[in-house]
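Enquirer:
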Amino acid sequence: MISLLRDRLNARFGTWRGLVRLLLARAERTTGRLQPFELQDPQAVRRVVFVCLGNICRSAYAEQVARAEGLHTASLGLSTTTGVGSPDPALAAAARQQMPMDAHRARDWQDFIVQPGDLLLAMEVRQVHELTRRLGGRDDVQVALLGNWCSPPFPHLHDPFTLSDAYFDTCFARVRQAVVRLANDIPNARALPAQKRG
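When you line the sequence shown up against this note's numbering, it's residues 298 to 495, in that order.
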């Protein structure tokens, strides 16, 4: 029984820490502390930039989905090695979602140029705070939590790296849902019409 509960928790939230971080993030959202990380000016967005720690799982997958949705897009990691590929479990999970990302290579923050009109979308509360710090008060870009576009909102999208295939699938499904919903809110970030998938 305990093993079954643990497996269900891990499949839905990654780990018990993932659940705790989600609950804390939802509490912050409910009290309005995350309001600065809601999308403030949808018309100003020209490119979506997905951000996570390593740029090999969540942000890499989000970039592929955004590209398929016809958005100007990029992704980066806050602490990674530029040029590293995604791990096999991430590639397999992306393939299960019919969104291959074999060609993706990580890009570190130091090797990325933030442009006016960028919407930087982080996966975790601590990442939006770090982005805000690194951006140093720039007012020509916006920072938000990607999980705000999930239904219900998931202001914490726990890192699937080294976790189960079941959680990779859950995480990538949430990322996909959020990106597809986001695409409807930012018409000026469109590069091409969305690709039709079989």
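From the three backbone atoms N, C-alpha and C, an ideal C-beta is built for every residue, glycine too.
(1) Within 10 angstroms of the Cβ of residue 433, are there 16 or more other Cβ atoms? Answer buried if so, exposed if not.
(2) Could you tell me whether the segment 423 to 441 touches the segment 460 to 468, where touching means 3 or more Cβ pairs closer than 8 Å?
(3) If I measure Cβ to Cβ from residue 475 and keep anything under 7 Å in the same chain, skipping five residues before and after, which residues do I get?
(4) Going by DSSP, name the residue or residues bridged to residue 349.
(5) Can you tell me which of the three DSSP states residue 340 falls into?
(6) Does the segment 414 to 425 come within contact of the segment 385 to 393, defined as at least 3 CB pairs closer than 8 Å?
(7) Is residue 411 helix, strand or coil when you go by DSSP?
Expert: On the basis of the data shown:
(1) With fewer than 16 other beta carbons inside 10 angstroms of its own, residue 433 counts as exposed.
(2) The segment 423 to 441 is not in contact with the segment 460 to 468.
(3) Here residue 475 has 443, 444, 446 and 447 as same chain residues with Cβ atoms under 7 Å from its own Cβ, once five neighbours each way along the sequence are excluded.
(4) 374
(5) helix
(6) No, the segment 414 to 425 is not in contact with the segment 385 to 393.
(7) coil
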